[in-house]
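What follows is a short report on a single structure.
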Amino acid sequence: MSRIGRKPIEIPDKVQVTVTGGLVQVRGPKGELKRELLPKIRVEQEGNVLRVIREGEDKRTRAFHGLMRQLIANMVTGVTQGFQKVLVIEGLGYRAEMKGKKLVMSLGFSHPVEYEAPEGITLKVEGTNKIIVEGIDKELVGQVAAIIRRFRPPEPYKGKGIRYIDEQVRRKAGKAGGK
C-alpha cells in the first residue's frame, strides 16, 4: 500500500471540496482548481478529511495512488496559501523589469527577451535581478519558472545566467585551471 496514498488530506475551514464522478473541484480564498481523477482511483470525503482510495491492484493504479493524493493535497494548499518560486539573475548587465504584464529581461543577447505569464500566474521583480513567480497551481508555477530559466541557464565557468534561488551551480576551472 502506498504510504503517501494512505495519508488523509485535511481540509481547512475556508476551503470547499466537491467530488463529482471523476472530477475534483477545490475552492478557497485564493481561487478555484479542478482536476480529473485517473481511472480506478476515487476520492471519499468524510467531514473535513479527504481520502484517496484505489480500486485495483495493478501496477499502474498502485503507481498513481500516491500521485493523485499529492496532486489533490497541492490543490488544497494552493487555494489557501499559494506557491512561489524565486529566480535570480547573475551576470554583468543582466537584469529584469516588468513592463505592464510583460517580463522584460536583458540577458546578454542583442535583443531584450520578453515573456508574458499565463493566466493564474503573477510575476514580480525585486531589484533588478530577482524574479518571483507566484500562483495557486503548483504545476503551473514550476513550469513558468522553468521556462524563464531556460532563456539563459547558468553556465559552469562564470555562473552567469538565470538560476533558482536555492540552486547550486557546479563551477568548472577555465583553461588556465588545467595547468
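Under our numbering, residue 179 is the last one in the sequence shown; the count climbs by one each step, no gaps.
Just so it is clear, CB atoms sit at the ideal spot from N, CA and C, and this is done for glycine as well.
Would you say residue i and residue j are within 9 Å of each other, going by their C-beta atoms?
i, j, result
"Ile121", "Leu33", "no"
"Glu134", "Val141", "yes"
"Leu37", "Val24", "yes"
"Gln70", "Ile132", "no"
"Tyr94", "Arg152", "yes"
"Arg3", "Val15", "no"
Could you spell out where the beta strand (DSSP E) holding residue i opens and where it closes?
i, result
"Lys85", "83-90"
"Val169", "It is not in any beta strand (DSSP E) - Val169 carries neither H nor E in the DSSP assignment."
"Ile131", "130-135"
"Lys124", "121-126"
"Val104", "102-106"
For the alpha helix (DSSP H) holding residue i, just list the boundary residues, first then last.
i, result
"Ala146", "138-150"
"Arg5", "Inspection of the sequence shows that residue 5 is occupied by Gly rather than by Arg. Start and end: 3-6."
Find the nearest neighbour of residue i within the set the options, judged by alpha-carbon distance.
i, options, result
"Ile41", "Glu55, Gly31, Arg51, Val49", "Glu55"
"Gly159", "Arg171, Arg149, Gly82, Ile148", "Arg171"
"Thr80", "Pro12, Arg163, Gln143, Ile4", "Pro12"
"Val19", "Val43, Lys30, Pro29", "Val43"
"Gln180", "Gly22, Val88, Ala63", "This structure leaves residue 180 out entirely; the chain is present only between 1 and 179."
"Arg163", "Ala173, Asn129, Lys175, Lys138", "Asn129"
"Gln143", "Gly161, Ala117, Met105, Pro156", "Ala117"
"Gly5", "Ile53, Gly28, Arg35, Arg27", "Ile53"
"Ile148", "Ala63, Glu57, Glu119, Val113", "Val113"
"Leu92", "Gly108, Asp58, Lys138", "Gly108"
"Gly22", "Gly174, Pro39, Ile9", "Pro39"
"Gln45", "Gly28, Lys101, Val17", "Val17"
So what does residue i bridge to, in DSSP terms?
i, result
"Thr80", "In DSSP, Thr80 forms no bridge with anything."
"Lys30", "Beta-bridge pairing links Lys30 to no other residue."
"Met75", "Answer is none; Met75 lacks a bridge partner."
"Ile9", "Leu50"
"Lys99", "Lys102"
Throw me the rounded Cβ distance for the residue i and residue j pair, which I believe falls under 8 Å.
i, j, result
"Val76", "Ile165", "That pair is no contact at about 25 Å."
"Gly78", "Lys138", "6 Å"
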